[in-house]
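*Asks:* Residues 176 to 321, numbered by my numbering, are exactly what the sequence shown covers, in order. Okay, handing you the structure first.
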Amino acid sequence: MADKKTGRAIWRDDLMFTGISGTGFTVPLDAAKTAGGHGTGVGPMDLLLVALAGCTGMDVISILRKKQQDITGFEVQVEGLRADEHPRTWKEIWVKFVVTGHNVDPAAVERAIELSRDKYCGVSATLKPITAMNYSQEIIEAEPEA
Numbered sequence: 176m177a178d179k180k181t182g183r184a185i186w187r188d189d190l191m192f193t194g195i196s197g198t199g200f201t202v203p204l205d206a207a208k209t210a211g212g213h214g215t216g217v218g219p220m221d222l223l224l225v226a227l228a229g230c231t232g233m234d235v236i237s238i239l240r241k242k243q244q245d246i247t248g249f250e251v252q253v254e255g256l257r258a259d260e261h262p263r264t265w266k267e268i269w270v271k272f273v274v275t276g277h278n279v280d281p282a283a284v285e286r287a288i289e290l291s292r293d294k295y296c297g298v299s300a301t302l303k304p305i306t307a308m309n310y311s312q313e314i315i316e317a318e319p320e321a
């Protein structure tokens, strides 16, 4: 059965909106000053990058925990290049996973990224047909515990 979600955006002023998820969480939305906004909120296209980072990050950290990797820090960095012409979709996106931990297995990280990219992350699957997606990883050995 399909999982129906809802959301709405309530206009506040000029190009400012308050985005509200179906679960009640809010996010301020606005365009940059250079685009006629006030720059007081997240732009919708930036929010899509953050959604990608969060979606794939949740997948990867869940998989690494199941694989009993000793993770002490984790960050997903995203960078995108937009088309010049409207509708200015994402042409290319780079996703970098920075994993900090003790004796983290690079193969486990690679497999977790692969599973998120190819099977679990709905945001990635939505973007993939129209966007070149690039993935990389960095593993940082954590300081020994005292």
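The beta carbon of each residue, even a glycine, is placed where N, CA and C say it ideally should be.
DSSP three-state label for I238, please.
*Replies:* helix
*Asks:* Whose C-alpha, out of L204, P304 and G197, is nearest the C-alpha of K180?
*Replies:* K180 has its Cα closest to that of G197, out of L204, P304 and G197.
*Asks:* Go ahead and pull the three-state DSSP assignment for T231.
*Replies:* T231 falls in the helix class under three-state DSSP.
*Asks:* Excluding the 5 residues flanking V273 on each side, which residues of the same chain have their C-beta closer than 6 Å to its C-beta?
*Replies:* E250 and E313
*Asks:* Note down, in chain order, each residue of its chain lying with its Cβ closer than 6 Å to the Cβ of V279, except the 5 sequence neighbours on either side.
*Replies:* Same-chain partners within the cutoff: Q244 and I314.
*Asks:* Let me know the secondary structure DSSP gives V274 once reduced to three states.
*Replies:* strand
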